[in-house]
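Written below as structure tokens is the structure these notes are about.
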Amino acid sequence: MSSTGDNTATTAASPSIDHSSSMDQKIDARASETETCQVPPPPTSETKVSTKSSRSWVWEHYAVVTGTETKDKKAACKYCQQLIACASKNGTTSLSNHLHRCKKYPYNNTDKRQKTLEFKAKEGGGKALTTHMFDQESCRRMLARMVIIDELPFKFVEREGFLDFCQFMQPRFEMPSRRTLTRDCHKLFSDEKKSLKAYFETLSSRICLTTDAWTSIQNLNYLCLTAHFIDDKWKLHKKILSFCPITSHAGEVIGRTVEKCLLDWKISKVLTVTVDNASSNDTCLQYLRRRLINWKGTVLNGEYLHMRCAAHVLNLTVREGLKDLEDSIVRIRSAVRYVRSSPARAQRFKSCIEKERIESKSLVCLDVETRWNSTFLMLEAALKFQKAFELLETVDSKYVEELTPQSENDTRRSSKVRGVPTEMDWEYAKDLLPFLQIFYDSTVKMSGSRYVTGNVYMNEIFGIGGLLNSFQESDDFGLSTMAGNMKKKYDKYWGNVERINILILIAVVLDPRHKLSYVQWAIDEAYDPKNAEILKVKVEKVLHSLFDFYSAEKSPHREVISQNQFREMDKMDVDTITVKGASDYMHAKYSQKADTLDSTHNKTELDIYLMEMKEDFHCPNFHILDWWRDNAHRFQVLAPIARDVLAIPLCTVASE
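Numbering follows this note's numbering, in which position 90 of the sequence shown is assigned residue number 450; successive positions increment by one, without gaps.
See the structure below:
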């Protein structure tokens, strides 16, 4: 046996292994036990889990030689059978050092640069054959990404099952400890933030923001700020910029928090900020508008910076109409809460479902009282089990007793509860459900953050206004009254043409299936003649102002010619001084007329876009961003406007 170090030389001279055949048999027996096992790689110093009760990892690769005194304790390498001193005074350093240089240790004989074949998924579907090379740093980065995406605890990497799985899949991977994983996650966040910040510095489009603030059950205030934008490849993005605690919901506090976040990300080009209808947000937007004007990042002096959340206003509108049916909804909600309050009650309710032979895999769900869309889902689910609830009244006396107050002074139960749902309550719910379905579908459509929503605003909101008008004329008194209450709240926000953000209507104009003529028609349908004319003039004015603003921004040294100047140029007479003879005069006059009638010489991109034929509205494969990407080369001024305006989100993203 050759000597490879001082410790080895010492152990080689030791009399405790003087040609003892029984000792060799013990060593060989210990080594043979690991021949069929997976060989784990030696962890680095930072990946060791150092606890007082845990044994060093090196003992997985050594067999302790028995029959020696404690002070001369030896350990045999399971791969080369070399003996190394392992007394307490020596520790395990010598064992670890030998393992890293042992020529028979399988991990040391592996070519770490060797690539393997694998099938990798392609973006368009299917798989492609590629090569893969193991990389420790890349694996650790993907592990940190998994923990973040799946919201796993950091201690997950120290669980026995996960360690065994990783050891079987890739023995060469050195599993980090939970503390190392924490640092990896923070580093991944820092790298992504640095990359995104650099991306924002080169982004040519403007950013639209949504902000949402709320109070947690621990009575702590939080704010979430999200950026929405369309990149140069016409892909819509949503990036959460900040999720942070705030001291209060005061407008000034929210405004300064948003300002601090924008300064941190070096963002100054902001088109709109979408917020809910809280009064504090008015103060917040006034503050942000002043700051953005100083940064020279606004469009049209920030006049259309404030965007009200459409879903929040729609929520207020529907809740106003549901007030008259509150008792019926409360009784159904109480019945649902009862069957969901314990496993025993849920089991009794399931037996009622089986006896009534109701075929449905779903169960009832409880709503959030302040959110009407969850109330819609609760009523929709409860109506499927109406017969089961009615049977529950006869088989469960506790159900009737708990939902019905024993006396007017019974303070143990909510004063809103007035017994189990009646036949009339279920009938009200049936009549109400199709009506709420319209509002629910519109809310879902406008609340999307992964697709463009600005071009659907007018159809959904103006369409709801028209349906409310028709429901007001219904012969059903309850439906007519409810629609009337909703229409009053609807007119408070959308009936006043001065409060409408015109950029949302511009987004519909920039939809090649609609354009300006459709917007003008829809305005005539939704408003009285006086308000309709005011709004149509305002839309045209803002549209041309936007075009002039972006034209000047694209060519700052070129004088921008407005639409009125083009009309004046069409009226100019031929310069008779430059005309030579009568024939030349006639040709000049004809050329001028031909330019006016047959060509687009004096037409702007906006004129050409509005004059072109509309796209088919019913085309199933139409995607507005794809259309603008394919036509951006024709509309070099109008395309950037469309890219910015179509990125406007109609609703604040529900960050919670």
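All C-beta atoms, glycine included, are put in the ideal place defined by N, C-alpha and C.
Quick check on residue i: does DSSP put it in helix, strand or coil?
i, result
"Met502", "helix"
"Asp642", "helix"
"Val631", "For the record, residue 631 in the displayed sequence is Leu; it is not Val. In the structure shown, Leu631 sits in a strand (DSSP, three-state: E or B)."
"Lys620", "helix"
"Cys437", "strand"
"Ala992", "coil"
"Val724", "coil"
"Cys1011", "coil"
"Leu443", "strand"
"Val780", "coil"
"Arg731", "coil"
"Pro703", "helix"
"Thr411", "Here Thr411 scores only 41 on pLDDT, less than 50, and its place in the model is too uncertain to base an answer on."
"Tyr817", "helix"
"Met973", "coil"
"His379", "With a pLDDT of 38 at His379, under the threshold of 50, the modelled position of that residue is not reliable, and no figure is offered here."
"Met535", "coil"
"Tyr1047", "An answer regarding residue 1047 cannot be provided, because it is not within the stretch 361 to 1016 covered by the chain."
"Ala912", "helix"
"Tyr647", "helix"
"Tyr664", "coil"
"Pro794", "helix"
"Lys487", "strand"
Taking the alpha-carbon positions, what's the residue i to residue j distance?
i, j, result
"Trp881", "Cys604", "45 Å"
"Glu919", "Ile606", "Because the pLDDT of Glu919 is 45, which lies under 50, any placement of that residue in the model is unreliable, and the number read from its coordinates should be weighed accordingly. Approximately 46 Å between the Cα atoms of the pair."
"Asn457", "Cys446", "12 Å"
"Ile864", "Asn856", "15 Å"
"Glu833", "His672", "26 Å"
"Ser576", "Tyr582", "8 Å"
"Ser363", "Asp551", "Below a pLDDT of 50, predicted positions are generally treated as unreliable, and Ser363, at 40, falls in that range; no measurement from the model is reported."
"Cys712", "Tyr788", "23 Å"
"Lys747", "Met806", "35 Å"
"Thr1012", "Val816", "16 Å"
"Leu563", "Cys621", "17 Å"
"Lys849", "Cys568", "27 Å"
"Ser416", "Asp510", "31 Å"
"Phe982", "Tyr647", "40 Å"
"Asp636", "Ala999", "29 Å"
"Tyr422", "Thr491", "36 Å"
"Thr465", "Gly486", "One point to set straight first is that residue 465 is Tyr, not Thr, in the sequence displayed. Using only the alpha carbons, I get a separation of about 40 Å."
"Leu876", "Leu489", "51 Å"
"Phe822", "Ser830", "13 Å"
"Thr658", "Arg566", "9 Å"
"Arg693", "Glu753", "15 Å"
"Lys790", "Lys847", "21 Å"
"Arg668", "Glu729", "22 Å"
Inspect the beta-carbon positions of residue i and residue j and report whether they are closer than 8 Å.
i, j, result
"Ala1007", "Leu645", "no"
"Val760", "Ala742", "no"
"Gly825", "Ala912", "no"
"Leu726", "Leu792", "no"
"Phe514", "Leu541", "yes"
"Lys914", "Val997", "yes"
"Cys499", "Phe525", "no"
"Lys557", "Trp625", "yes"
"Leu906", "Ile866", "yes"
"Phe736", "Pro781", "no"
"Val517", "Arg538", "yes"
"Val879", "Met818", "yes"
Determine the closest residue to residue i out of the options, with distance taken between C-alpha atoms.
i, options, result
"Met784", "Leu503, Ser688, Asp684 and Leu876", "Ser688"
"Tyr800", "Asn675, Glu561 and Ile718", "Asn675"
"Glu663", "Cys669, Ser694 and Leu631", "Leu631"
"Val897", "Asp908, Glu858, Pro531 and His874", "Glu858"
"Val618", "Asp592, Thr571 and His978", "Thr571"
"Leu548", "Glu520, Ser537, Arg505 and Met529", "Arg505"
"Ala695", "Thr658, Asp756 and Arg501", "Asp756"
"Asn733", "Phe795, Gln707 and Cys568", "Phe795"
"Ile1001", "Ser639, Tyr969, Asn819 and Lys852", "Tyr969"
"Tyr910", "Phe995, Pro872 and Asp884", "Phe995"
"Thr677", "Met842, Gln707, Lys875 and Gln442", "Met842"
"Ser702", "Lys758, Phe745 and Gly681", "Lys758"
"Ile614", "Val633, Lys599 and Lys629", "Val633"
"Ser639", "Gln442, Asp592 and Ala610", "Ala610"
Less than 8 Å between CB atoms is the rule here; does residue i satisfy it with respect to chain C?
i, result
"Ala504", "No chain C is part of this structure, which consists of one protein chain only."
Counting only runs that start and end within the segment 565-602, where is the beta strand (DSSP E) found for 3 or more residues in a row? 567-575 and 581-590
Please specify which runs of the beta strand (DSSP E), each continuous and at least 3 residues long, are wholly inside the segment 855-882, giving them in chain order. none
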